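Residue numbers (the working numbering): 19 to 183.
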């Protein structure tokens, strides 16, 4: 059986797309595994924010893809949802549970660059967007640390509260 370079890129792109869907699906499924209704709501907000922001940026930035097949390259939606799912698991349930998801999200980013759908900046921006959304909109399952921001025209603030037992 002879596979050409184009076939291997196509297979890599398909695998990356599958993993990009699987990671947030697993993150969402984890809220059922832990019987975590609050986490499910946080997942909805984080995922919805990630997707809405990603597609708003794609429409506004209007950047051409490296393969010249469209002008919706920035940011990578595959990377944004994959990293959103991985960082949701990280923030909500702990870093140790998120390691395979982060590895998978890294693979998604690699597959998008290698298949010439995005450049590294597109993938990095998507990853950053997904991570920021989950880190900001998700609370730890056993949250003792609360972080809040305050933004006003004359004031920028950050408050940290830690509950000791």
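We put the beta carbon where it would ideally sit given N, CA and C, even for glycine.
None of the values given here were measured: they were computed from a predicted structure.
Environment of residue i [buried if 16+ CB atoms lie within 10 Å]
i           : result
residue 92  : buried
residue 177 : exposed
residue 135 : buried
residue 56  : exposed
residue 104 : buried
residue 174 : exposed
residue 42  : buried
residue 144 : buried
Among the options, the one whose alpha carbon lies nearest that of residue i
i           : options               : result
residue 80  : 90, 49 and 72         : 90
residue 94  : 168, 155, 147 and 167 : 147
residue 64  : 169, 88, 155 and 114  : 155
residue 72  : 172, 142, 106 and 129 : 142
residue 137 : 167, 86, 43 and 62    : 86
residue 38  : 167, 160, 121 and 172 : 121
residue 157 : 44, 47 and 59         : 59
Indicate whether the contact test is met: 3 or more Cβ pairs, each with one atom in the region 62-74 and one in the region 97-114, closer than 8 Å.
-> Counting Cβ pairs under 8 Å, three or more are found: they touch.
What runs of the alpha helix (DSSP H), each 4 residues or longer, lie entirely inside the region 97-153?
-> Listed in chain order, the complete alpha helix (DSSP H) runs (minimum 4 residues) inside the region 97-153 are 113-132.
Length at least 4, wholly inside the region 49-104: the alpha helix (DSSP H) runs in chain order = With a minimum length of 4 residues, the continuous alpha helix (DSSP H) runs that stay inside the region 49-104 are 55-79.
Would you be able to state if there are at least three C-beta pairs under 8 Å between the region 33-45 and the region 123-132?
-> Three or more Cβ pairs drawn from the region 123-132 and the region 33-45 lie within less than 8 Å of each other, which places the two stretches in contact.
Is the region 48-58 close to the region 104-118, with three or more CB pairs under 8 Å?
-> Contact holds: three or more Cβ-Cβ distances are below 8 Å.
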